[in-house]
Amino acid sequence: MQVGSGYLVRYFASKGLLKVLMMASKPKTFKKLMVQKLTSNFREAVSIETVNMCHPKKGEVCVKNKYVGINATDVNFTKGRYFVNVEVPFGVGFEGVGEIVEIGENVENFKIGQSVAYLDGRCNAYAEYVCLPAQGILPIPKTIPDYLALLIAGQAAAKGLDRVNTFYIYFISPKSMLSFVNCWLLVHLIA
1 MQVGSGYLVR YFASKGLLKV LMMASKPKTF KKLMVQKLTS NFREAVSIET
51 VNMCHPKKGE VCVKNKYVGI NATDVNFTKG RYFVNVEVPF GVGFEGVGEI
101 VEIGENVENF KIGQSVAYLD GRCNAYAEYV CLPAQGILPI PKTIPDYLAL
151 LIAGQAAAKG LDRVNTFYIY FISPKSMLSF VNCWLLVHLI A
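UniProt numbering numbers the first residue of the sequence shown as 1 and each following residue consecutively.
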């Protein structure tokens, strides 16, 4: 009989108690980056804060982040370019990949330990844990950083498809296949 942590996880799962085990293993506090000053110097803008553990509300899940996306948008965000009257402190970070560690009420399509990717419009991804609406979470087969690039590239491609589709419907005749192929190539380049 194996007595390692894998055995305990399988045992608790077989008894329907995996959620209890995972909740018990969450710490009381966690660390997250908070913007303290509006500046384009990211180091000056943020500080590492220790905050109380978050717990999902109805329709939410709690994700333990394994990877977060870092991009130039974060510097624009810490400079205050995206908001008119922003007040510090506030969280930062838009996208992440991690594993679900707690599930709120009325969430049925996810399970504890499941790998997920997300875009966080509330900008709290630069944290060890984050609670998010389950409807905005994407299940992924494995917790690897490769999915971070797909989140943004997919969003850009979708935006491009919206514009190309509108363009195709209103401005390209069915006989004009060359124009359609050029638009299709443009969407792939955007992605």
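Beta carbons: idealized from backbone N, C-alpha and C, even for Gly.
C-beta contact flag for residue i and residue j at 8 angstroms
| i | j | result |
| --- | --- | --- |
| V130 | D120 | yes |
| F90 | M53 | no |
| F110 | I137 | yes |
| V88 | P145 | no |
| V92 | V46 | yes |
| V51 | Y126 | no |
| K31 | E49 | yes |
| T78 | L132 | no |
Same chain, Cβ closer than 7 angstroms to residue i, neighbours up to 5 away in sequence not counted
| i | result |
| --- | --- |
| residue 217 | Any answer about residue 217 is impossible in this case: the structure gives the chain only from 1 up to 191. |
| K104 | A quick correction: the sequence has Gly, not Lys, at residue 104. Here the set comprises P56, K57, K58, G59, E60, V61. |
Three-state secondary structure assigned by DSSP to residue i
| i | result |
| --- | --- |
| A125 | coil |
| F83 | coil |
| N41 | coil |
| F77 | helix |
| G136 | helix |
| D120 | coil |
Beta-ladder partner(s) of residue i, from DSSP
| i | result |
| --- | --- |
| T29 | N52 |
| V46 | V35 |
| Y67 | V97 |
| F110 | None; F110 has no bridge partner. |
| G59 | BP columns for G59 are empty, so no partner. |
| E105 | According to DSSP, E105 bridges with nothing at all. |
| V130 | V63 |
Cβ-based neighbour list, residue i, same chain, cut-off 6 angstroms, excluding 5 preceding and 5 following
| i | result |
| --- | --- |
| K64 | G98, E99, V101, Y129 |
| N76 | none |
| S40 | V75, K79 |
| F167 | In this predicted model, F167 has a pLDDT of only 48, less than 50, meaning its place in the structure is not dependable enough to derive any value. |
Own chain partners of residue i with C-beta closer than 8 angstroms, once the 5 adjacent residues on each side are dropped
| i | result |
| --- | --- |
| C123 | F77, F90, G91, V92, G93, F94 |
| I140 | V97, S115, V116, A117, Y147 |
| P27 | M53 |
| Q36 | A45, V46, S47, V88, P89 |
| T29 | T50, V51, N52, M53 |
| T73 | F94 |
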